[in-house]
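Right, one structure below, let's go through it.
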Amino acid sequence: MKMKTSMYLMLCSMSLLCACGEKKQTMPGEKYKTLTVETSNQTLQSTYPASLRGQQSVEIRPQVSGTITDIRINEGDLVRKGQVLFIIDQVPYKAALETALANVKSAEAKLQTARLTANSKEELFKENIVSDFDRQTARNQLLEAEAALAQAKAEETNARNNLSYTEVKSPVDGVASMIPYRIGALVNSSISEPLVTVSDDSQIYAYFSMAESQMLYLIQQYGSLEEAKEKMPAVSLTLSNGQIYNYEGRIDAISGTVDEGTGVVSLRATFPNTGHLLRNGGSGTISVPTVHKNCIAIPQAATYELQNRVFAWKVVDGKTQSTPITIYKYNDGKTYIVLSGLAEGDMIIAEGAGLMREGTAVNTESSTEPIK
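Taken in order, the sequence shown gives residues 1 to 372; the numbers are from the numbering used here.
Here it is, written out as structure tokens:
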């Protein structure tokens with residue numbers, strides 16, 4: 001009886017093992033997201049840190065020395081070209097102008113006297129009353145008086161200019177910086193800190209650097225440096241608080257030289273500054289779109305790296321096959337542009353590449369749309 005029971009249990013166990021084996025053999029491959037490789041036009045966003053500068057930033061220093069008697073602006077004010085910002089003590093300069101005016105009148109009187117004398121000597125010489133020496137001396141005195149008047153007038157102009165310089169005016173429209181001086185401070189043209197800096201920020205320049213190789217790619221893409229500046233798509237600016245600036249800018253200046261130390265090229269993008277949100281000396285991040293035509297683009301999640309090489313998993317005959325690929329050097333953190341290793345029509349694993357194994361059976365029914 002025990003033998004029959006043992007035989008029965010053994011047969012049952014074998015039946016279960018066979019059933020499990022058959023189930024394992026007929027089990028379909030695991031379902032993974034796949035995509036079929038296609039060519040398309042891709043626009044990738046490359047980002048670069050940028051420093052912001054006003055269209056024109058002017059350090060204003062006095063042209064004459066003296067004490068500040070009045071400050072006509074507040075820090076951070078919008079100022080206009082020609083607006084008076086500071087007054088420097090005018091008393092000594094008004095006195096100097098009065099002296100210069102008096103010297104002009106004196107020189108004019110002396111000139112009139114010299115002219116009368118010269119004319120008189122001419123008449124007397126004709127009558128042989130005076131010698132030629134006397135006549136020539138009178139002529140020279142007239143020339144000397146004319147020169148003295150010219151000098152006096154030049155000194156008047158200089159005194160008048162110095163008096164006008166006591167009103168320190170803004171040469172541009174813009175925004176005033178902080179003011180390090182107060183009323184009563186003694187200033188001159190050689191002060192270390194300017195009275196104020198006025199930044200014309202109606203437009204803002206964003207300066208940034210790009211690797212030489214990428215700059216060459218852009219130039220080759222558009223045919224020439226000038227064509228690249230004219231046809232390059234608009235760029236965007238991310239502010240220091242992480243928000244994207246409302247207005248797009250354009251790259252309008254590209255340096256003609258490469259920095260030998262860093263291998264980068266300097267560029268400038270110009271943005272409108274409606275509302276004066278952007279400030280001279282600020283910072284941000286420039287996003288430059290790069291257009292790739294008729295290229296293969298795959299998600300970065302479809303790749304993995306091994307020994308500084310990038311691989312993707314092709315699905316061949318229902319099984320995974322590791323394939324090395326060459327990618328474009330720059331990317332947007334989400335997508336790779338594939339230069340070699342994949343062809344249009346190839347099927348690849350769309351995500352989870354780092355967990356995949358060679359020869360894994362794949363159910364290709366679950367697919368995702370290619371990147372377009």
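Where is the CB? At the ideal position from N, CA and C, for every residue including glycine. All values reported here derive from a predicted model rather than from experimental measurement.
Rounded to the nearest whole angstrom, the C-alpha separation of Asn241 and Val315 is 44 Å. For the pair Ser213 and Asp332, the Cα-to-Cα distance works out to about 17 Å. Secondary structure at Val168: strand, using DSSP grouped into helix, strand and coil.
For Tyr222, the CB contacts under 6 Å within the same chain, skipping 5 residues up- and downstream, are Ala228, Lys231 in chain order.
Taken in chain order, the complete beta strand (DSSP E) segments of 3 residues or longer contained in the segment 57 to 144 are 66 to 71, 84 to 88. DSSP places Ala50 in the strand class (E or B) of the three-state scheme. If you draw a straight line from the Cα of Val235 to the Cα of Leu216, it comes to about 18 Å. Ala152 and Asn103 do touch by the CB rule: their CB atoms are close to 4 Å apart, below 8 Å. Counting along the chain, no beta strand (DSSP E) covers Leu216; the unbroken alpha helix (DSSP H) around it starts and ends at 212 to 222. Distance check between Ala107 and each of Val130, Ala138, Leu143, Ser287 places Leu143 closest, using alpha-carbon atoms only. Counting the other CB atoms within 10 Å of its CB gives Asp200 a total of 16 or more, which places it among the buried residues.
Residues Arg80, Lys81, Asp200 of the same chain have their beta carbon placed closer than 6 Å to that of Asp173, with the five preceding and five following residues left out of the count.
If you draw a straight line from the Cα of Ser40 to the Cα of Glu193, it comes to about 56 Å. Assignment of Gln300 by DSSP, reduced to helix, strand and coil, places it in the helix class.
Nearest in C-alpha terms to Lys329, of all of Ile191, His292, Asn280, Val362, is His292. Segment contact: the segment 204 to 213 against the segment 252 to 271, three or more CB-CB distances shorter than 8 Å; contact assigned. Ala253: member of the beta strand (DSSP E) spanning 250 to 254, first to last residue. For Pro289, DSSP records a beta bridge to Gln45.
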